[in-house]
């Protein structure tokens with residue numbers, strides 16, 4: 001009886017973040033005045049847009065490297081791939097595939113670099129990868145702003161800056177826009193929600209990705225990553241190459257983030273060359289945490305719950321804010337502030353739980369001794 | 374099979390090892406046959422662990438210049454370049470510290486990094502690590518290993534939910550699951566077990582030996598050695614001092630061989646007729662427990678008399694280091710500590726220091742010193758922080774400036790008194806030798822003018838000359854300032870020389886308190902009395 005109660009409280013603590021968001025959404029939905037049909041459509045669209053990106057975060061968490069803020073690196077690689085593909089006028093799905101292929105070597109290189117650095121900063125992976133994303137952002141700007149058009153040939157003036165080199169602030173992906181989503185046109189009619197358009201092909205790819213992750217967990221490499229994630233020293237003693245395993249985890253995550261970014265941008269229909277990537281890491285991590293993940297534990301379920309709750313809040317909060325205060329900026333402000341808050345809370349909770357576990361051990365010891373004495 | 378009678382499984386010939394001129398093993402000869410169990414006993418620092426590390430091919434041995442002599446396995450000379458080679462050759466070792474992944478099940482831990490895999494196409498392209506694990510076979514092999522041990526452990530249970538004993542069994546099962554295993558080294562496997570679990574383990578050892586696995590069993594629990602081993606080897610100061618069949622020896626004989634020094638006993642009676650029976654109790658500890666990893670204190674009750682030097686001795690891992698660390702609040706602790714009639718809250722270092730305790734930690738580089746600061750800073754810092762010494766007040770105490778002159782004066786005085794070898798009081802603490810760093814730690818504690826001083830392992834890792842100086846300084850501080858001193862040390866001889874009374878800790882409890890003039894044998898027997 002006692003044990004059951006304890007479990008319940010622990011579960012409540014673990015799921016406190018998703019619960020908080022469910023409450024926020026429950027309050028905001030009626031206030032926003034949005035129809036069920038519109039909400040459902042929006043959520044489905046955003047699920048297709050973001051889920052793949054968030055899935056790319058799972059593997060480093062498994063390898064004990066925390067939330068990979070370095071996924072921004074993969075996003076940059078994906079954008080470079082897309083810029084080149086659209087300059088070469090390869091349109092539609094083939095253009096996306098080409099962009100993905102182009103992004104792979106860049107992602108792998110960046111991932112290797114990132115992994116090497118993170119191996120030098122064990123235990124400080126998150127802050128290191130976060131700062132590194134700023135550093136690589138500088139390199140990315142150098143490449144895109146100065147080298148594209150001067151060193152790397154760029155033909156089309158529509159994406160080049162008027163001065164002859166550098167890429168414009170916005171690159172239109174009109175001929176790629178939602179080509180993947182609408183490859184198989186599909187919509188369902190539900191009694192309450194009405195007609196919902198489903199980006200079936202994107203969903204199929206996401207589903208495949210989930211299967212790959214499930215399968216990956218069962219591989220030797222997946223098992224090694226879990227071992228490394230829990231205790232590097234023990235894993236090393238058992239003969240696992242810890243450094244290499246960690247680098248592989250980051251490389252995989254970076255490559256997947258690159259793919260995810262391409263899927264994300266094809267849905268949006270344009271690239272904000274200098275800002276698309278910089279926020280994406282933050283929003284993906286916030287979404288994952290909202291879904292109930294923590295720094296050392298995340299599942300596919302967390303990804304989907306996170307997308308739904310986080311983006312539901314994204315959609316309804318500005319409207320609700322506008323309805324209450326008459327100023328839609330309030331909601332806009334609210335959602336940015338909330339995503340930072342969620343990450344902060346998750347990090348603090350991670351530390352507190354670690355400490356709590358430690359003191360619980362001490363208590364257990366004391367009780368054991370009472371029994372003995 | 375025929376030559377099995379003549380060639381032993383393992384033979385170690387004339388093994389010697391020194392660490393940079395410090396001889397830790399000399400002329401060790403050891404043979405071990407298939408299915409034989411030998412017990413290896415000796416005090417801490419007798420060389421047991423070093424010997425086993427040589428056998429296991431530990432990196433640390435090669436990094437410090439290798440070893441002398443030969444190791445023969447099945448009559449062939451071997452020289453392992455890493456523990457993995459040793460494992461390959463059929464040697465398994467269960468270390469004192471667990472080497473388990475906390476979130477994995479028993480099965481996963483037993484087969485860690487040796488999981489059977491199912492080949493697939495993707496692995497052909499991306500390498501073997503993309504093969505999937507064969508869960509069913511893993512389960513089967515884990516079950517076999519557990520059965521071999523003869524103890525029941527839940528294969529599906531996650532390690533972090535397990536009692537300590539089962540973790541130990543998991544470690545052993547991991548070694549057993551290696552098919553090539555011929556020789557198993559168990560380094561104090563029963564230290565963490567309850568009595569029942571230890572019994573099960575001993576039964577398991579017998580069972581394994583019957584299956585032909587040779588076992589080296591290191592423990593401080595002598596009864597266990599006698600009940601399970603075929604032969605007992607006693608080591609002391611890097612030599613094998615006795616090797617006997619278990620049936621021909623007794624606990625007393627082994628104890629004597631372990632602690633009995635050959636060197637003439639130094640006169641420890643100097644000033645030993647001090648008696649503190651009448652003195653009032655300055656510090657009273659009752660039912661103290663401390664959760665210090667590797668030095669767990671279970672239930673310690675102890676009274677310290679005002680003005681005496683109390684020694685706390687015992688084997689490593691029995692909890693003697695946990696006592697000062699727990700009282701000072703550096704590790705989670707519980708129980709009751711009274712100092713001069715006032716209760717001291719545990720787990721709050723600042724309150725202890727305020728109550729005029731001082732503590733010289735055994736971890737002088739980590740806790741004890743500000744390595745990149747000058748000696749002046751090191752010595753004056755705690756006194757400044759805690760007692761507002763060496764500060765000049767301005768504006769009615771609103772602004773406090775350091776009194777550099779006073780700091781220099783006190784530092785120079787201690788440099789002189791303790792003979793700290795340094796270029797000046799401005800030298801960085803990092804640049805001093807270990808012995809001199811230890812003296813700085815003492816000076817730092819002295820500068821606090823404590824009523825009670827805890828000193829933990831004051832002579833660890835420093836040379837003989839410095840040892841005498843450090844101990845003399847402690848004695849002088851005690852005699853001249855009337856400060857009560859508690860010295861925690863692994864070296865009995867040192868305690869006998871400098872203390873008035875010696876408390877021996879064994880199994881996380883006080884096994885007994887004897888006057889310092891007691892014989893080494895008496896103290897040694899206490900040390901082993903409650904070993905767990």
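Chains as they are written, first to last, in our numbering: chain A, 1 to 373; chain B, 374 to 905.
All C-beta atoms, glycine included, are put in the ideal place defined by N, C-alpha and C.
Please state if the CB of residue 477/B and the CB of residue 85/A are separated by a distance shorter than 8 Å. In the first chain, residue 85/A corresponds to position 85, counting from 1. In the second chain, residue 477/B corresponds to position 104, counting from 1. Their beta carbons are not under 8 Å apart, which means residue 85/A does not touch residue 477/B by this criterion.
Endpoints, the alpha helix (DSSP H) within which residue 119/A is located: Sequence index remark: in the first chain, residue 119/A carries index 119 (1-based). It spans 92-120 - the alpha helix (DSSP H) in which residue 119/A sits, taken as one unbroken run.
On the three-state DSSP scale, how would you describe residue 723/B? As a first step, residue 723/B must be located in the second chain, where it is residue number 350. Helix at residue 723/B.
Count the other CB atoms, across all protein chains shown, that sit within 10 Å of the CB of residue 803/B; report buried if there are 16 or more and exposed otherwise. Taking the second chain and counting its residues from 1, the one referred to as residue 803/B is at position 430. Exposed is the call here.
Measure the Cβ-Cβ separation of residue 787/B and residue 827/B and say whether it is below 8 Å. As a working note, residue 787/B is residue 414 in the second chain. As a working note, residue 827/B is residue 454 in the second chain. It is not a contact, given that the beta carbons lie outside the stated cut-off.
If the criterion is Cβ atoms closer than 8 Å, does the pair residue 490/B and residue 473/B meet it? Here residue 490/B refers to the residue found at position 117 when the second chain is read from its first residue. Here residue 473/B refers to the residue found at position 100 when the second chain is read from its first residue. No.
Just the Cα atoms here: how many angstroms apart are residue 644/B and residue 421/B? Working through the second chain from its first residue, we reach residue 644/B at position 271. Working through the second chain from its first residue, we reach residue 421/B at position 48. Reliability fails at residue 644/B, whose pLDDT of 48 lies under 50, so the model's placement of it is uncertain and the value that follows must be treated cautiously. If I take the Cα positions, the gap works out to 36 Å.
Contacts around residue 42/A, its chain only, beta-carbon distance under 7 Å, and the 5 residues preceding and following it disregarded: Taking the first residue of the first chain as position 1, residue 42/A is located at position 42. Correct list, in chain order: 315.
On the CB-based measure, 16 or more other CB atoms within 10 Å of its CB, does residue 892/B come out buried or exposed? Sequence index remark: in the second chain, residue 892/B carries index 519 (1-based). It counts as exposed.
Where does residue 389/B fall in DSSP's three states? Reading the second chain from its first residue, position 16 is the one you call residue 389/B. Correct three-state label for residue 389/B: strand.
Hey, residue 415/B and residue 647/B: beta-carbon distance below 8 Å or not? The residue you call residue 415/B lines up with position 42 of the second chain. The residue you call residue 647/B lines up with position 274 of the second chain. No, the Cβ-Cβ distance between residue 415/B and residue 647/B is not below 8 Å.
What residues in its chain sit with their C-beta under 6 Å from that of residue 216/A, if we drop five residues either side in the sequence? On the first chain, residue 216/A is found 216 positions in, with the first residue counted as 1. Answer for residue 216/A: 222, listed in chain order.
Please check if any C-beta of chain A sits within less than 8 Å of the C-beta of residue 505/B. Position 132 of the second chain holds residue 505/B. For residue 505/B, the answer is yes, since a Cβ of chain A falls inside 8 Å of its Cβ.
Residues of chain A with CB under 8 Å from residue 501/B, in chain order? Position 128 of the second chain, counted from the start, is the residue given in the question as residue 501/B. The contacting residues are 220.
Would you give the residue range spanned by the alpha helix (DSSP H) that residue 52/A belongs to? As a first step, residue 52/A is located in the first chain; it is residue number 52 there, counting from the start. Counting along the chain, the alpha helix (DSSP H) containing residue 52/A begins and ends at 36-55.
Does residue 48/A get closer than 8 Å to chain B when you measure Cβ to Cβ? One-based indexing of the first chain puts residue 48/A at position 48. For residue 48/A, the closest Cβ of chain B is not nearer than 8 Å.
Would you decide whether residue 385/B is buried or exposed? Buried here means 16 or more other CB atoms lie within 10 Å of its CB. Within the second chain, the letter at position 12 stands for residue 385/B. Looking at its Cβ environment, which holds 16 or more other Cβ atoms inside 10 Å, residue 385/B is buried.
Given residue 409/B, which residues of its chain have a CB within under 6 Å of its CB, disregarding the five upstream and five downstream residues? Counting from one through the second chain, the residue named residue 409/B turns up at place 36. Counting only residues of its own chain and dropping the five nearest sequence neighbours on each side, residue 409/B has a CB closer than 6 Å to the CB of 587 and 603.
Using the C-alpha atoms, what's the distance from residue 692/B back to residue 878/B? Position 505 of the second chain, counted from the first residue, corresponds to residue 878/B. Position 319 of the second chain, counted from the first residue, corresponds to residue 692/B. Distance between the alpha carbons of residue 878/B and residue 692/B: 7 Å.
Please compile the residues from chain B whose C-beta is within a distance smaller than 7 Å of the C-beta of residue 238/A. Along the first chain, one-based indexing puts residue 238/A at 238. Neighbours of residue 238/A on chain B, chain order: 485 and 486.
Whole beta strand (DSSP E) elements within the segment 504-581 of chain B, 3-residue minimum: 556-560
Distance cutoff 8 Å, beta carbons only. Does residue 108/A sit that close to anything in chain B? Position 108 of the first chain, counting from 1, holds the residue named residue 108/A. Not an interface residue.
If you compare alpha carbons, which of 858/B, 451/B and 785/B is closest to residue 731/B? Residue numbering aside, residue 731/B sits at position 358 when the second chain is read from its first letter. Ranking 858/B, 451/B and 785/B by Cα distance to residue 731/B puts 858/B first.
Anticipated Cβ contact below 8 Å, residue 556/B with residue 463/B, distance rounded: Mapped onto the second chain, residue 556/B falls at position 183. Mapped onto the second chain, residue 463/B falls at position 90. Rounded, the Cβ-Cβ distance is 6 Å, consistent with contact.
In the DSSP assignment, what are the bridge partners of residue 888/B? Stepping through the second chain from its first residue, residue 888/B is reached at position 515. Answer by DSSP bridge pairing, in chain order: 874/B.
Leaving out five residues on either side along the sequence, give the residues of the same chain with a beta carbon under 7 Å from the beta carbon of residue 703/B. Along the second chain, one-based indexing puts residue 703/B at 330. These residues qualify, in order along the chain: 722.
Which residues DSSP lists as bridging residue 612/B, in chain order: As a working mapping, residue 612/B is identified with position 239 in the second chain. Partner(s): 609/B.
Is any heavy atom of the ligand MN found at a distance shorter than 7 Å from the C-beta of residue 487/B? Looking for the ligand MN in the displayed structure turns up nothing, as the structure carries no ligands at all.
If you measure between the beta carbons of residue 175/A and residue 91/A, is that distance less than 8 Å? Position 175 of the first chain, counting from 1, holds the residue named residue 175/A. Position 91 of the first chain, counting from 1, holds the residue named residue 91/A. Contact flag set, yes.
So which residues of chain B does residue 234/A contact, with C-beta pairs closer than 7 Å? Taking the first chain and counting its residues from 1, one reaches residue 234/A at position 234. Result: 472, 473 and 474.
Report yes or no: is there a C-beta of chain B within less than 8 Å of the C-beta of residue 298/A? As a position in the first chain, residue 298/A is number 298, starting the count at 1. Chain B contact via Cβ: absent.
If you check the beta carbons only, do residue 82/A and residue 145/A fall under 8 Å apart? The residue given as residue 82/A occupies position 82 in the first chain. The residue given as residue 145/A occupies position 145 in the first chain. Not a contact, by the Cβ cut-off of 8 Å.
Beta carbon of residue 296/A, beta carbon of residue 64/A: below 8 Å? Taking the first residue of the first chain as 1, we reach residue 296/A at position 296. Taking the first residue of the first chain as 1, we reach residue 64/A at position 64. It is a contact, given that the beta carbons lie within the stated cut-off.
Return the residue from the list 765/B, 727/B, 777/B and 720/B that minimises the CA-CA distance to residue 748/B. Looking up residue 748/B in the second chain gives position 375. Residue 777/B is the option with its Cα nearest to residue 748/B.
Simplified DSSP assignment, three categories, for residue 224/A: Numbered from 1 along the first chain, position 224 holds the residue referred to as residue 224/A. Helix, per DSSP.
Taking Cβ positions only, does residue 490/B come closer than 8 Å to chain A? Walking along the second chain from the start, residue 490/B turns up at place 117. By this cut-off, residue 490/B is an interface position.
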